[in-house]
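>
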Amino acid sequence: MSSDTFTETNPQPPKPKKKENLKQRAYLNSVTSMLDYGARIITTFFVTPFLVSGLGSTLFGVWKVLGQFTSYTGLADIKATQVLKWAVAKDRDSVDEDELREYVTATFILVMMILPLVLIAGAIITWYSPYITNVSSGYFGIVRITTAILVLALVIHKVFDMFESILRGMNLGFKRMGFRATVFVIGGGLQIAVMLLGYGLIALAMIQVLVNLVIGITIYVIVKKHVSWFGWGRVNFKRSLSFFKTSGWFMGWSAVKMAILNSDKVLLGFLAGPVLVTQYVITEYLVKAARGSVGNVIHGVIPGVGKLFGSVQYDKLNKARSHIMLMTWLMGVSVGAAVLVFNDSFVQLWVGEEQYAGHLANTMIILVALQYMFIQNDSAIINTTLDINQKVYYGFTSAAISVLLMTLLVPDYEIVGLCIAMIVGRMPMSIAYPLIISKKTNAKVRVSYLIRPILVTIALWAISYRVGIWLNELNWFWLLIGAIVTSLIILIIAGLTGLNKHQRSELLEYKNRIKFLKSDQ
47 MSSDTFTETN PQPPKPKKKE NLKQRAYLNS VTSMLDYGAR IITTFFVTPF LVSGLGSTLF
107 GVWKVLGQFT SYTGLADIKA TQVLKWAVAK DRDSVDEDEL REYVTATFIL VMMILPLVLI
167 AGAIITWYSP YITNVSSGYF GIVRITTAIL VLALVIHKVF DMFESILRGM NLGFKRMGFR
227 ATVFVIGGGL QIAVMLLGYG LIALAMIQVL VNLVIGITIY VIVKKHVSWF GWGRVNFKRS
287 LSFFKTSGWF MGWSAVKMAI LNSDKVLLGF LAGPVLVTQY VITEYLVKAA RGSVGNVIHG
347 VIPGVGKLFG SVQYDKLNKA RSHIMLMTWL MGVSVGAAVL VFNDSFVQLW VGEEQYAGHL
407 ANTMIILVAL QYMFIQNDSA IINTTLDINQ KVYYGFTSAA ISVLLMTLLV PDYEIVGLCI
467 AMIVGRMPMS IAYPLIISKK TNAKVRVSYL IRPILVTIAL WAISYRVGIW LNELNWFWLL
527 IGAIVTSLII LIIAGLTGLN KHQRSELLEY KNRIKFLKSD Q
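Residue numbers for the sequence shown follow this note's numbering, so the first one is 47 and each next one is one higher.
(1) T53 by DSSP, collapsed to three states: which one?
(2) Tell whether a beta-carbon distance below 8 Å holds between I268 and R222.
(3) Sorted by chain position, which residues of the same chain lie with C-beta nearer than 7 Å to A467's C-beta, five sequence neighbours on each side aside?
(4) By Cβ distance, which residues of its chain are closer than 8 Å to T264, with the 5 residues on each side in sequence left out?
(5) What did DSSP end up calling S182 once you bin it into helix, strand or coil?
(6) Going by Cα to Cα distance, which pick from P457, E519 and L376 is closest to L317?
(7) For I199 versus V255, is the C-beta spacing smaller than 8 Å?
(8) CB-CB under 7 Å to I248, same chain, minus the five flanking residues each way: which ones, in chain order?
(9) Can you give the Cα-Cα distance for D82 and V231, rounded to whole angstroms?
(10) Just list the alpha helix (DSSP H) runs in the region 356-409, keeping only unbroken ones of 4 residues or longer that don't cross its boundaries, in chain order.
(11) With distances taken Cα to Cα, identify the nearest neighbour of E400 among Q325, V98 and F523.
(12) Beta-carbon within less than 7 Å of W278's beta-carbon, same chain only, minus the 5 sequence neighbours each way: which residues are those?
(13) Identify which residue in L259, D142, N258 and F420 has its Cα closest to the Cα of T374.
(14) Counting only the same chain and skipping the five closest in sequence on each side, list residues whose C-beta sits under 7 Å from that of K270.
(15) Terminal residues of the continuous alpha helix (DSSP H) containing R512?
(16) Measure from the alpha carbon of A426 to the alpha carbon of each residue in I530, R492, L363 and Q394, then state which is nearest.
(17) Determine the contact status of V111 and G315, defining contact as a CB-CB distance below 8 Å.
(18) Starting from V470 and walking both ways along the alpha helix (DSSP H), at which residues does that stretch end?
(19) Once DSSP output is grouped into helix, strand and coil, what is the label at Y245?
(20) Within the same chain, show all residues whose beta-carbon is closer than 6 Å to that of L259, passing over the 5 residues directly before and after it, in chain order.
(21) For S533, report the span of its alpha helix (DSSP H) as first-last.
(22) Short check: CB of L413 to CB of I469, under 8 Å?
(23) When we look at the beta-carbon of R367 and count the other beta-carbons within 10 Å, is it buried (16 or more) or exposed?
(24) Taking the alpha carbon of S484 as the reference point, which residue from Y360, Q549, L537 and A445 has its own alpha carbon closest?
(25) Locate the alpha helix (DSSP H) running through F220, then write down its first and last residues.
(26) Just the C-alpha distance for F442 and L520, rounded to the nearest angstrom, thanks.
(27) Output the distance between the C-alpha atoms of A133 and E145, rounded to the nearest integer angstrom.
(28) Give the DSSP-derived three-state secondary structure of D82 in the structure shown.
(29) Once you ignore the five residues that flank T89 on each side, which residues in its own chain have a CB closer than 6 Å to its CB?
(30) Over the uninterrupted alpha helix (DSSP H) stretch that includes K311, give me the two end residues.
(31) Does the region 374-385 come close enough to the region 295-310 that 3 or more CB-CB pairs lie under 8 Å?
(32) Measure how close the beta-carbons of I212 and L161 come, nearest whole angstrom, since I'm counting them as under 8 Å.
(33) Helix, strand or coil, according to DSSP, for W109 in the structure here?
(34) With contact counted as at least three CB pairs below 8 Å, one residue from each stretch, are the region 540-557 and the region 493-502 in contact?
(35) Where F106 and L236 are concerned, what is the direct C-alpha to C-alpha distance, given to the nearest angstrom?
(36) Please report the distance separating the alpha-carbon of V397 from that of K486.
The structure is reproduced here in structure tokens:
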């Protein structure tokens, strides 16, 4: 037998699969998310003055309300793509590639089945949109056309979200680094262009369709290139039924999340008018930017946490959760202090003092954001278990309380009442979600660990609040320098006073394991 024949009939054994560096991928995913979110926030910063000037306070408020209201189309979505993401995250190393491809096919079938319901929901929302936004009859046609186009943009996003779910489930979100950010910037430039050319809401909505389409196609190409097993598997109706049952809970959570996150501007506009929505959106800008930035840094870790749960490494999972919560608190308290000090000056320079909602409203908005960041962390971890029924029950309770309190408090207390309603309403989630995780991972909930960070937060934010009242006239240079220096100082003080020695050493050890200038390879 020749050596050639021997080579053909006895191929070399495949190389062992390279061990996945969860910490490094978490870091890269966080960087990718930060680039995307940073591009969105910076673009919004430059675009918003043009929108406020071009549309006026009333129509700008209408635009923001429509952005939330059209998301209610998602109530008809069973969230099969979310099931796909967490199923891939949990099973990618424990099932064969044929089964993973079956996951993709099962998800696609469900998405196509539910699409007509989404379109019907979109039609209903389109019809009632002028009444929700409180516009005069002369704007009914424009508002309805704008809403219909925004619904189309949302449908495009939902169809392509399947490929995004695969990428994130494989812990490869960093492979799209820079692509989405570039599209956001281009989209922002187009928004400025249509404002300068004198176009309005309809043109803005059409840009949203274009942005979602380009992003979706880009993600599809990236998945096809970097996920070796990607493709269509055989049709397995049993698998589709299994995904459908699980996705029902994700659909329930989607409805809960929509009520929690996408009801503030809608109810504020309906109960108090679109002008107040503009003040709320402008005052919230820095807070929302900070919340999203922290969230994107933290949630690069979550797909890796899903792998730990799937492999029953509960000790490592609980340790990872502890790190996530500590990092969230450190970043939240430091950035929150900077916003308390400088948001008034920022709004004055950005769009004008008349759009600032006031120091008390600013403080309440920051509290809402910090509370939700912790809820979001635990919520994402629970998602990795694919057993979210308890989470949905508590979330529904929180949503119901929040909406009820909003209807009672907003007419008299406006933005402050809105924030009080959200904080009180979300308390069931704040209490229950840590308990759910502890039960699933055999961990203990230690309430005593919260006392020190809470006291430090109150002290640091009380000082920042007083400084913010006193300091309200700065130029852009001193505003930027002051915000950076304040955040760093508060971060150091919070780390030294709010964390114990063991917690500080663990976070430093975690940081030292990350290679900041290297890729996953």
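Just so it is clear, CB atoms sit at the ideal spot from N, CA and C, and this is done for glycine as well.
Taking the definition as stated:
(1) Its pLDDT being 39, under 50, T53 is placed unreliably by the model, and the measurement read from it follows with that caveat. Secondary structure at T53: helix, using DSSP grouped into helix, strand and coil.
(2) Going by C-beta atoms, I268 is nearer than 8 Å to R222.
(3) By the criterion of a C-beta distance shorter than 7 Å, A467 is surrounded in its chain by S448, L451, M452 and L455, once the five residues flanking it on both sides are discounted.
(4) When the five nearest sequence neighbours on each side are left out, the beta carbons in the same chain lying within less than 8 Å of the beta carbon of T264 are those of R222, F225, R226 and V229, in order along the chain.
(5) Looking at S182 - three-state DSSP - the assignment turns out to be coil, as it is neither helix nor strand.
(6) Ranking P457, E519 and L376 by Cα distance to L317 puts P457 first.
(7) Residue identity differs from the one stated: residue 199 is Ala in this sequence, not Ile. In contact: A199 and V255 (Cβ atoms closer than 8 Å).
(8) So the qualifying residues of the chain are I188, I191, T192 and I195.
(9) Using only the alpha carbons, I get a separation of about 10 Å.
(10) Fully enclosed alpha helix (DSSP H) runs of no fewer than 4 residues occupy 360-396 of the region 356-409, in order along the chain.
(11) Closest in alpha carbon position to E400, among Q325, V98 and F523, is Q325.
(12) Apart from sequence neighbours up to five positions away, the residues of its chain that approach W278 with a beta-carbon distance below 7 Å are R147, V150 and T151, ordered along the chain.
(13) Distance check between T374 and each of L259, D142, N258 and F420 places F420 closest, using alpha-carbon atoms only.
(14) F276, listed in sequence order.
(15) S494 to W516 is the span of the alpha helix (DSSP H), which, as asked, contains R512.
(16) If we check each option's Cα against that of A426, L363 comes out closest.
(17) If you check the CB distance, V111 and G315 come in under 8 Å.
(18) Segment N435 to G471, the alpha helix (DSSP H) holding V470.
(19) In the structure shown, Y245 adopts coil according to DSSP, grouped into three states.
(20) Once the five neighbours on either side are set aside, the close Cβ partners of L259 are I202.
(21) Element bounds for S533: W522 to G544.
(22) For L413 and I469, yes; Cβs fall inside 8 Å.
(23) With 16 or more other Cβ atoms inside 10 Å of its own Cβ, R367 counts as buried.
(24) Of Y360, Q549, L537 and A445, the residue nearest in Cα terms is Y360.
(25) For F220, no alpha helix (DSSP H) segment is defined, and its DSSP state is neither H nor E.
(26) Going by the C-alpha atoms only, they are around 43 Å apart.
(27) C-alpha separation (whole angstroms): 11 Å.
(28) In the structure shown, D82 sits in a helix (DSSP, three-state: H, G or I).
(29) Here the set comprises F230, V231 and G234.
(30) D310 to A318 is the extent of the alpha helix (DSSP H) around K311.
(31) By the Cβ criterion, the region 295-310 is not in contact with the region 374-385, since fewer than three pairs of Cβ atoms, one from each stretch, lie closer than 8 Å.
(32) Not a contact, Cβ separation roughly 19 Å.
(33) W109 falls in the helix class under three-state DSSP.
(34) Output reads yes: the region 493-502 touches the region 540-557.
(35) If I take the Cα positions, the gap works out to 17 Å.
(36) Roughly 48 Å separates the two Cα atoms.
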